[in-house]
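Novice: For the sequence shown, numbering that gives the first Met the number 0 assigns the number 1113 to the last residue and increments by one with no breaks.
We put the CB at the ideal spot given by N, CA and C, even for glycine.
The structure displayed is predicted, hence computed values, not measured ones.
Can you read through this structure? Questions will come right after.
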Amino acid sequence: MSKRPPIAVVGVSALFPGSPDSQCFWRNIVDGVDLLSDVPESHWRIGDYYDAALDEPDKMYAQRGGFLPYVEFSPAEFGIPPNVVPATDTAQLLALAVAKHVLQDVAGGAFSHIDRDRVSVVLGVATATEMVAHMSGRLQAPLWERALRDVGIAGEQLKLFNQRIAAAYVPWQENTFPGLLANVVAGRIANRFDLGGTNCVVDAACASSLAAVQIALNELYLGESDMVITGGVDALNDILMFMCFAKVTALSPSGDCRPFSDKADGTMLGEGIAMMALKRLEDAERDGDQIYAIIRGLGSSSDGRAKSIYAPNPSGQAQALRRAYDAAGYGPETVGLLEAHGTGTKAGDAAEFAALREVFDASGREDRQWCALGSVKSQVGHTKAASGACGLFKAIMALHHKTLPPTIKIDQPNPDLEFNSSPFYLSTQSKPWIAEEGMPRRASVSSFGFGGTNFHVTLEEYTDGGTRQKPYRSWKSELVVVGADTAPALADEAARLSASLTDHDDMLQYIAYATQKSYDPAQQHRLALVADSVATLRSMLDEAANRLATENNAAAFASPRGYFFSAQEGAPVALLFPGQGSQYVGMGADVPRLFEPALSPWEIARASLLEADSDLHQIVWPRPVFTEEEQARQSAELARTEWAQPAIGAHSLSLLQVVRALGIKPVAVGGHSFGEVVALCAAGVLDDAAVLRVARKRGALMAEAAGDRAGTMCAVSAPCEIVRELLQRWGTEVVIANHNSPTQVIVSGGVHEVADAMGKLSALGITSTQLNVATAFHSQIVAESSAPFKAYLADIPLHPPSIPVYANATARPYDNDPGAVRATLAAQIAQPVRFLEQVRSMWTAGARTFVEVGPDGVLTNLVSKCLVGLPHYAVALDRKGSNGIRALLLGLAQLVAAGVPMNLASLWADYRIVADPRTGQEPKLILKINGANYGKPQIDDRPTSPPAPLPKGSMPPNTAAVASSAQRQIRPVATPADSVALPVAATVMTAPTVAAPAPSAGVLAAAAVGVGTDLVVDMLHVVADKTGYPVEMLELSMSLEADLGIDSIKRVEILSAVQQRVPSLPEVEASAMAGLTTLQEIVDYLATLLPPTTHATNGNTASLIQRSARLPFV
């Protein structure tokens, strides 16, 4: 039993390289995207510090890292005057935005059931910030001055040097002090969101964020808080941080982070922010919170006396692990995913792996490689103070989405770690996470820091009766649907939709949802598109619109880019299910990400159900291997009849879950060989579990019947009549097993007999191809399995088919009698598959749209050959070698274009619906900020003024060299000192013009005082000047502190400036301003102090006031 109450994760938010939000970051994780890049110019210039040879002091060898993308930041939203932004470290600003999103994620931002006084903020943040280093650099001017004086530079030249140096830094202001403090990262969040619990940050080096989680958990355990916002914040990828890591040779010389790889040679530095909202589980369930996962325990330790202050100690790390599992109340033998610290350094990875083995081996579990091991640092680099939170985010999402995410850049595991004999395997490919039977999914996360500080946290999926948070749509492709009654109208609608698209991150997802929701198969002209980006969608819409406008009489067309059009009437659907030979390793791994119920067939295909040694998913989605020989062994294992048939059945059933949810109503079903078993299920004859049991038994009996007789098959490209006549002429035991199309048959028999037949066919100029199959299906080699299979079926409950099921052996529908069904299905093993006749019979009965529900698309290709010259659609829902979700969406797009009725909204039922990004009021002032501090002067090689002349007279060579070097150091600075304080205007983005409302009550109230109109103008311009807000943004009703971030000091500055502009104002005590909370109140108060005839309004001023009153934000 756990020693601590379970803690629920009820909100998450993340900002990482290439990932502006949580959904994007999780998608990038699952897709295995490399998010490292070259150092951007916004941070520092590679040429200034790079030295591959390491010969020069103050140089280093790194050029790449993980850098936050530019995100939109509205200062007004967080009550920060724009003039304060350049004095504030970007970690504080970005943390506000991430905290806002995590709070919105908790019950949609509704906090009626939460006492804000009992909400705490505890974050892992490194003590150093970029602003500290930046402002410290500004203070080094006296050192420069002394050095310059020593080489003979003085007077005006020295003054110019000092001005140039100062211009390279943001000037000091009263907000610089709080703006550079790390603890204010948490303080700003508590202040802005009015949270009254504990607010603090903790610095445990690279383990800071899990140290923060430990404090957060204790707040909840002890009852001191009811909710805690915790996680980590690190936006510090400045040159100082790179230099620090480079000087201890921790950075990768090859420029990549490869944890646990044989090519691992160091880490890479990254930026990132991740936050979680935590509550006691019983409180979260009581309050109806949506829950991501459960934290079960956390352990920590110190390394004690180790080799050095930064050398990892396996025994210290192992202690943290043991304490974590002791707190959790379960052992590591139940953990399925471990997100390692995994920095990619040889020594660090080896020490960590030793600690993991020590603890996991001691659990007593005897089998090997049961736990997936990975490190997100392979994708984003080492995010230092945020690295633990980054790994925690990954583990939470993995549990929530039932997905094992990949670790990238591992061509071969480090051989010294001996993975094959360990409890761990490297998870290098994303795949569904099937829990061990009777156990919940469990994950753990490690984070270790310089100074020998170690943390390990244990998590578990939430399976109880409360509310699970809705998952993210973690894939790129989306299906967009457009319909109209005429081709011109459809062309116009496609062009209109294209023109309406914006490049917002949510645009593609919203358009997909909105258009699918409105899909009407009754519309005569239908266009369906599958796009991976807004840009691609826009291009395809324009292209399709042009084709619709120029190809007026086209009944249908398609593009390999992924769009489909049809004006033909919707046609009845038949489902087809493939047989053995269509299987491939990894099939079906993507679809459960789109539609969680598609995971069900794989979850029920346990070893216990199949009477096997392994669960089915372990054969179809095996552990990653790293050689072609190992991959060939995995394919051969899956091809074994007893595994291939249940595997194909599970994948087909998985896709059938999607077809059922969409409400697609087939008029008939059929299969090819084994696929007939799944077809019977689609018609209601068998349930899903029975299909898997039958598939396993059928395959096992066929393998048993074949015994030691080596059988095989080959495809022959010739009409069936010709092949049959040849086989009879030769007197061979080779038989026709499948009549697949007018020009293809499959022959089956013993290995030597088939080889002989292939040789004879070749001599006649007939092409034949050897098939990679386990034995000779539909021949005498497996015929002996028919009788025991029929006997087995006697104990399987069968129901009458709800729709016709076409049989391979007869090309006619099955009989409704259960006994006849058993006899036909059992006999089919030894009889030829008459697929050509079957498909044509289904077409004759009315089927026109043939949908292949299963792996690959072999039957789809055969259908098109069987029905050459006849109107039909042939659609596959899966393609080997393609992303499974994209392949499925392409199949659905073809069905939409064909006018097949379906409920596309069902595929969105479990997901969050994003709002239309084209609606809503955009802030007037938006700043684009990334991990580098906003507003710092940017480097420019162009000199802003001619270089200062050297002093007259001769100088010694060394003096001249120093002077020249000094000039080179100063020259790149482009921004003059007097402009550094005003960086905001260059990055203000103005929102589109909107209709102006009537003059606000505040403006009218001020104007009612005889001289108030000029006073309003003066007040607004002074506030704009002192804060950096545009005048048109300001409203008189705005709160000075909550809305504008104007503190008591700034109020005095504003009052003084207004008095200078309005000399007739009497002296006003600063204390009189203390009780005034809005701009309106200040205007009203000052207006009462003015003489009635003073500061009168002239015509120009009146006009300005009228325009000001009509501005949307005034």
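If you pair each beta-carbon of the region 87–100 with each one of the region 284–304, do three or more pairs fall below 8 Å?
Specialist: Taking 8 Å as the limit for Cβ pairs, the verdict is that the region 284–304 does not touch the region 87–100.
Novice: Whether or not the region 805–813 and the region 825–844 are in contact is what I'm after, with contact meaning three or more pairs of Cβ atoms, one per stretch, closer than 8 Å; do they touch?
Specialist: Counting Cβ pairs under 8 Å, three or more are found: they touch.
Novice: Since residue 243 and residue 376 should fall inside the 8 Å C-beta cutoff, what is the C-beta to C-beta distance between them, to a whole number of angstroms?
Specialist: Rounded, the Cβ-Cβ distance is 17 Å, inconsistent with contact.
Novice: Any idea which residues DSSP pairs residue 524 with across the strands?
Specialist: Bridge partners of residue 524: 483.
Novice: Would you mind reading off the limits of the beta strand (DSSP E) that contains residue 927?
Specialist: Here the beta strand (DSSP E) through residue 927 covers 926–928.
Novice: Rounded to whole angstroms, how far is the Cβ of residue 901 from the Cβ of residue 661, which I believe are closer than 8 Å?
Specialist: About 4 Å; that satisfies the 8 Å criterion.
Novice: Ignoring anything shorter than 3 residues, give me the beta strand (DSSP E) runs that lie fully in the region 582–621, in order along the chain.
Specialist: The qualifying runs do not exist here; there are none.
Novice: Let me know the secondary structure DSSP gives residue 256 once reduced to three states.
Specialist: Residue 256 falls in the coil class under three-state DSSP.
Novice: Look up residue 430 in the DSSP assignment and give the residues it is bridged to.
Specialist: According to DSSP, residue 430 bridges with 403.
Novice: Using CA coordinates, which residue listed in 1037, 819, 1060, 1049 is at the minimum distance from residue 1118?
Specialist: No answer is possible for residue 1118: it lies beyond the span of the chain, which begins at 0 and ends at 1113.
Novice: To the nearest angstrom, how far is the alpha carbon of residue 685 from that of residue 656?
Specialist: Distance between the alpha carbons of residue 685 and residue 656 is about 14 Å.
Novice: Please report the straight-line C-alpha distance between residue 135 and residue 203, rounded to a whole angstrom.
Specialist: Residue 135 and residue 203: Cα-Cα distance of roughly 23 Å.
Novice: To the nearest angstrom, how far is it from the Cα of residue 621 to the Cα of residue 670?
Specialist: When rounded, the distance between both Cα atoms is 27 Å.
Novice: Is it right to say residue 747 is buried, meaning 16 or more other beta carbons lie within 10 angstroms of its own, or is it exposed?
Specialist: Buried is the call here.
Novice: If you measure between the beta carbons of residue 185 and residue 121, is that distance less than 8 Å?
Specialist: Going by C-beta atoms, residue 185 is nearer than 8 Å to residue 121.
Novice: Is it right to say residue 176 is buried, meaning 16 or more other beta carbons lie within 10 angstroms of its own, or is it exposed?
Specialist: Answer is exposed; the Cβ neighbour count stays below 16.
Novice: How would you label residue 751, buried or exposed, when you count the other beta carbons within 10 angstroms and need 16 or more for buried?
Specialist: Exposed, because fewer than 16 other Cβ atoms sit within 10 Å of the Cβ of residue 751.
Novice: Is the Cβ-Cβ distance between residue 759 and residue 729 less than 8 Å?
Specialist: Their beta carbons are under 8 Å apart, which means residue 759 touches residue 729 by this criterion.
Novice: Please look up how many angstroms separate the CB atoms of residue 116 and residue 195, rounded, as I've assumed it's under 8 Å.
Specialist: About 3 Å separates the two Cβ atoms, so the contact holds.
Novice: So, under 8 Å CB-CB, residue 701 and residue 650 are touching, yes? Tell me the CB distance rounded to an integer number of Å.
Specialist: With a Cβ gap of about 19 Å, residue 701 and residue 650 do not count as contacting.
Novice: Is the beta carbon of residue 652 less than 8 Å from the beta carbon of residue 600?
Specialist: Taking 8 Å as the Cβ cut-off, residue 652 and residue 600 qualify as a contacting pair.
Novice: Might you give, ordered along the chain, the residues of its own chain that have their beta carbon closer than 8 Å to the beta carbon of residue 609, omitting 5 neighbours on each side?
Specialist: Excluding sequence neighbours, residue 609 sits near 615, 645, 691, 692, 695.
Novice: What are the partner residues of residue 6, as DSSP defines its beta bridges?
Specialist: Paired residues: 279, 294.
Novice: What did DSSP end up calling residue 754 once you bin it into helix, strand or coil?
Specialist: Note: residue 754 maps to helix in three-state DSSP.
Novice: Kindly confirm or deny that the region 457–475 and the region 436–444 touch, where touching means at least three C-beta pairs closer than 8 Å.
Specialist: Output reads yes: the region 436–444 touches the region 457–475.
Novice: Can you grab the Cα-Cα spacing for the pair residue 1013 / residue 77, in whole Å?
Specialist: Approximately 29 Å, taken between the alpha carbons.
Novice: Between the region 216–230 and the region 44–60, do at least 3 Cβ pairs fall closer than 8 Å?
Specialist: As far as the Cβ criterion goes, the region 216–230 does not touch the region 44–60, which means the pair count is below three.
Novice: Using the Cα positions of residue 503 and residue 916, report the straight-line distance between them to the nearest angstrom.
Specialist: Straight-line Cα distance between these residues: approximately 7 Å.
Novice: Within 10 angstroms of the Cβ of residue 112, are there 16 or more other Cβ atoms? Answer buried if so, exposed if not.
Specialist: It counts as exposed.
Novice: For residue 367, collect the residues of the same chain with a Cβ closer than 8 Å to its Cβ; drop the 5 residues on either side in sequence, then sort them by chain order.
Specialist: Taken in chain order, the residues that qualify are 419, 420, 421, 422.
Novice: Assuming residue 713 and residue 770 are in contact, meaning their beta carbons sit under 8 Å apart, how far apart are those beta carbons, in whole angstroms?
Specialist: Residue 713 to residue 770, Cβ: 6 Å. Contact.
Novice: Identify, in the order they occur along the chain, each residue of the same chain with its Cβ nearer than 6 Å to the Cβ of residue 528, setting aside the five sequence neighbours on each side.
Specialist: So the list reads 479, 539, 562, once near-sequence residues are dropped.
Novice: With a threshold of 16 other CB atoms inside 10 Å of the CB of residue 1070, please say whether the residue is buried or exposed.
Specialist: Under this definition residue 1070 is an exposed residue.
Novice: Residue range of the alpha helix (DSSP H) that residue 160 falls in?
Specialist: It spans 154–166 - the alpha helix (DSSP H) in which residue 160 sits, taken as one unbroken run.
Novice: State buried or exposed for residue 977, treating a residue as buried only when at least 16 other CB atoms are found within 10 Å of its CB.
Specialist: Bear in mind that a pLDDT of 33 at residue 977, under 50, signals an unreliable position, so the number given afterwards is only what the model happens to contain. Residue 977 is exposed by the Cβ-count criterion.
Novice: For residue 530, I'd like the list of residues in its chain whose CB is within less than 8 Å of its CB, leaving aside the five on either flank, ordered along the chain.
Specialist: Excluding sequence neighbours, residue 530 sits near 476, 477, 479, 507, 536, 539, 561.
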